[in-house]
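Chains as they are written, first to last, in the numbering used here: chain F, 478 to 703; chain A, 478 to 703. A virtual CB, placed ideally from N, CA and C, is assigned to each residue, including glycine.
Protein chains: 2
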Amino acid sequence: MKKFTKTLIKNSLRRIFLYRACLNRLKMMGMEKVFSYTLAMEAGVSPDQVRKDFSEFNIKGNKRGGYNIDELLEKMENIFYKNREHNIVLVGMGNLGLALSKYSRFLQRNMNIVATFDIDPFKQKARTEIPVYGMDRLKEIIQRFKVKVAIIAVPEISAQQVCDDLVKAGVKGIVNFAPVLLKTPPNVIVNNVNLCDELESVIYYVHHQLKIEGLKNIELLYGDMK
Amino acid sequence: MKKFTKTLIKNSLRRIFLYRACLNRLKMMGMEKVFSYTLAMEAGVSPDQVRKDFSEFNIKGNKRGGYNIDELLEKMENIFYKNREHNIVLVGMGNLGLALSKYSRFLQRNMNIVATFDIDPFKQKARTEIPVYGMDRLKEIIQRFKVKVAIIAVPEISAQQVCDDLVKAGVKGIVNFAPVLLKTPPNVIVNNVNLCDELESVIYYVHHQLKIEGLKNIELLYGDMK
DNA sequence: TACTTAATGTGAAAAAATTCACAAAAACAC
DNA sequence: GTGTTTTTGTGAATTTTTTCACATTAAGTA
Ligand SMILES: NC(=O)c1ccc[n+]([C@@H]2O[C@H](COP(=O)([O-])OP(=O)(O)OC[C@H]3O[C@@H](n4cnc5c(N)ncnc54)[C@H](O)[C@@H]3O)[C@@H](O)[C@H]2O)c1
Ligand SMILES: NC(=O)c1ccc[n+]([C@@H]2O[C@H](COP(=O)([O-])OP(=O)(O)OC[C@H]3O[C@@H](n4cnc5c(N)ncnc54)[C@H](O)[C@@H]3O)[C@@H](O)[C@H]2O)c1
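Structure (structure tokens):
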């Protein structure tokens, strides 16, 4: 039986995002070029991995000269279709939605939240500059702005309904913050962000690490018994 | 050269979180047991994968009888050390920090934000019930509550400094929302959550999908030319 | 110009993750 | 109780990802 999944995000693409973040930082620090070694150090991967990833996306550098940071960044922007503007909508203007709507980095990266929606659009209107609409205008506005990607920040219980409405209105990609797995047609991409899981996975590793450290201490006490 | 990374989160563990979310939902829908097939459908993976993952974490079911949902959930809680309470701190009470501090699901899952910190602790004090302290009390409170895990929601520019302070105070795991890669000693786990990247990766896939669909249409127009 | 050095880029090898395939166990049927 | 069916659990096979290794290229040097 084949996999059912459709939300898989390739490791190499994930790392391209990572490299870009590193490059931006290195650039800010005044650097103009990098070697795979430098970037690898910065990103926490191996230099081979960096070169292999670049190879996959057909990014070329200069033999012995490394990579020009600006050129790299530009190539990456192309990968992300960054030249174009992307219109986004956000559904659910509660605590999280409000924070996201104020997040300026989205715009810095050409992702423009053109409208937000809430079942109760009057609640947050005063606290934000982005328009807040009722759900009845979802389809109209998504189509007007040719929106293809949406953020869901409504309670768990409403998420699937909102998702269905978005898909009906023509949305093809969703970042979902509600802790449910959304059901969508196969041509609609969903990226679930589950902050509880992120926190819990850290707790998991911390406890394991502590356990391992504890065991090491025991070993130190009793010596190597192998 | 070996990898430098230390923030890798194993796929199988990620999926255990996924399975738990699915199981909770299935339970809510009134189900009491599942087969690997059912859970796989729900989680969007293959049944083999489910069984293999369970095998890795030494979770056993009943031949021909599938798995009892409650037992599964309990075993998973053990994996996550869920029986214990986990004290967490949150640094940075801006837009995102405020939303996170109000997120009730953390507590539902035994993760208790015992205190929050901000360079300007008076700003948000009125808007939240969790105490907001100045950075001068970080070490004291972390040690008093035996906090091992922290959330960073401060601006990019301050994140490394805050991270260093947390590590000095004894924190062993960090969920970082600032879009920078933090440098930590090897025994400190960092999980970076980059919401821009999550959004951009969806945009990437949507555009590729659209491109592929476009190509398919061209193929349909011209027939199979192989 | 020729020689040395330092980096990339990519097939090949190794490792890791996933899928296959089937023996073993349990439930059910008669 | 015997036979059939269904599902688990896990080694083996396969696929994917990562790492290795080195030929290739460019820069520096004398
Ligand atoms: N607050 C956080 O920090 C946080 C963190 C991670 C995940 N989440 C998740 O994000 C979602 C929102 O969390 P929140 O804390 O902002 O909750 P919230 O209750 O503050 O906000 C939810 C908003 O959605 C609106 N809403 C409800 N039903 C709707 C519908 N059918 N259509 C349109 N809008 C609707 C509500 O009016 C409200 O404004 C939840 O699923 C939550 O689990 C929140
Ligand atoms: N707002 C969002 O939705 C969002 C989304 C993704 C990521 N982020 C990231 O999360 C971080 C916070 O975002 P925000 O929108 O909440 O920003 P914000 O400016 O609203 O909040 C930052 C808070 O950190 C505090 N702070 C600044 N320096 C500090 C220091 N040295 N020690 C302690 N506290 C300090 C400030 O007083 C402020 O309250 C940023 O790094 C941002 O990139 C935010």
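Open item on the list: Can you pull the chain A neighbours of G650 (chain F), defined as C-beta to C-beta under 7 Å?
Closed with: V679, I680, Y682, V683
Open item on the list: Are the CB atoms of L567 (chain A) and I628 (chain A) within a distance shorter than 7 Å?
Closed with: For the pair I628 (chain A) and L567 (chain A), the CB atoms are nearer than the 7 Å cut-off.
Open item on the list: So that I know if they touch, is there some Cβ in chain A lying closer than 7 Å to that of E696 (chain F)?
Closed with: Low per-residue confidence applies at E696 (chain F): pLDDT is 37, beneath 50, and the placement is therefore not dependable enough to give any value.
Open item on the list: Here's the rule: buried if 16 or more other CB atoms are within 10 angstroms of the residue's CB, otherwise exposed. What is P656 (chain F)?
Closed with: Residue burial is scored here from C-beta neighbours: P656 (chain F) has at least 16 other C-beta atoms within 10 angstroms and is therefore classed as buried.
Task: Endpoints, beta strand (DSSP E) assigned at I565 (chain A) - done: I565 (chain A) -> beta strand (DSSP E) spans 563-568.
Task: Under 8 Å from the C-beta of I666 (chain A): neighbouring residues of chain F - done: V679, Y682, V683, Q686
Task: Three-state secondary structure assigned by DSSP to Y610 (chain F) - done: strand
Task: Any chain A beta carbon closer than 7 Å to L692 (chain F) - done: Residue confidence is low: L692 (chain F) scores 48 on pLDDT, short of 50, so the model does not pin down where it sits. Its coordinate-derived value is still stated next. Closer than 7 Å: no.
TODO: Could you confirm whether any beta carbon from chain F is found closer than 7 Å to the beta carbon of R604 (chain A)?
DONE: no
- [ ] Compare the C-alpha of L676 (chain A) against each of F:D642, F:I590, F:M508 and name the closest.
- [x] F:I590
Open item on the list: Buried or exposed, going by whether 16 or more other CB atoms sit within 10 Å of the CB of M508 (chain A)?
Closed with: exposed
Open item on the list: Given this structure, state the Cα-to-Cα distance separating K703 (chain A) from G543 (chain F), to the nearest angstrom.
Closed with: Its pLDDT being 23, under 50, K703 (chain A) is placed unreliably by the model, and the measurement read from it follows with that caveat. Near 40 Å, if we compare the C-alpha coordinates of G543 (chain F) and K703 (chain A).
TODO: Drop a sphere of 10 angstroms on the beta-carbon of P604 (chain A), count the other beta-carbons inside from all chains shown, and report buried for 16 or more, exposed for fewer.
DONE: It is Arg, not Pro, that sits at residue 604 (chain A) in the sequence shown. Answer is exposed; the Cβ neighbour count stays below 16.
TODO: Check the Cβ of R586 (chain A) against every Cβ in chain F and list those closer than 8 Å, keeping chain order.
DONE: C673, E677
TODO: Please name the residues in the segment 592-620 of chain A whose beta-carbon is closer than 8 Å to at least one beta-carbon of chain F, in chain order.
DONE: none
- [ ] Name the one or two DSSP bridge partners that A517 (chain A) has.
- [x] A517 (chain A) is not bridged to any residue.
Task: Own chain partners of Q503 (chain A) with C-beta closer than 7 Å, once the 5 adjacent residues on each side are dropped - done: Looking at the sequence shown, residue 503 (chain A) is not Gln but Leu. These residues qualify, in order along the chain: V511, E519, I546.
Open item on the list: Between which residues of its own chain and L550 (chain F) is the CB-CB distance below 8 Å, once the five residues before and five after are set aside?
Closed with: Closer than 8 Å at Cβ, skipping near neighbours: R497, L500, N501, K504.
Open item on the list: Would you say Y558 (chain F) lies against chain A (beta-carbon separation less than 7 Å)?
Closed with: yes
TODO: Would you mind giving the Cβ-Cβ distance between V644 (chain A) and V665 (chain A), rounded to the nearest angstrom? I have them listed as a contact below 8 Å.
DONE: 6 Å
- [ ] Would you list, in chain order, the members of the segment 557-576 of chain A that have their beta-carbon closer than 9 Å to a beta-carbon of chain F?
- [x] F557, Y558, K559, R561, H563, I565, G571, N572, L573, G574, L575, A576
Open item on the list: Which residues does DSSP list as the beta-bridge partners of A627 (chain A)?
Closed with: A:V566, A:I651
Task: Buried versus exposed, by CB contacts within 10 Å (16 or more), K660 (chain A) - done: exposed
Open item on the list: So that I know if they touch, is there some Cβ in chain A lying closer than 7 Å to that of R528 (chain F)?
Closed with: Not closer than 7 Å to any Cβ of chain A, the Cβ of R528 (chain F) fails to qualify, so no.
- [ ] Would you mind working out which of A:N587, A:F494, A:G521 sits nearest P662 (chain F), comparing C-alpha positions?
- [x] A:G521
Open item on the list: Nearest by alpha-carbon distance to N668 (chain A): which of A:L577, A:K649, A:H563 is it?
Closed with: A:K649
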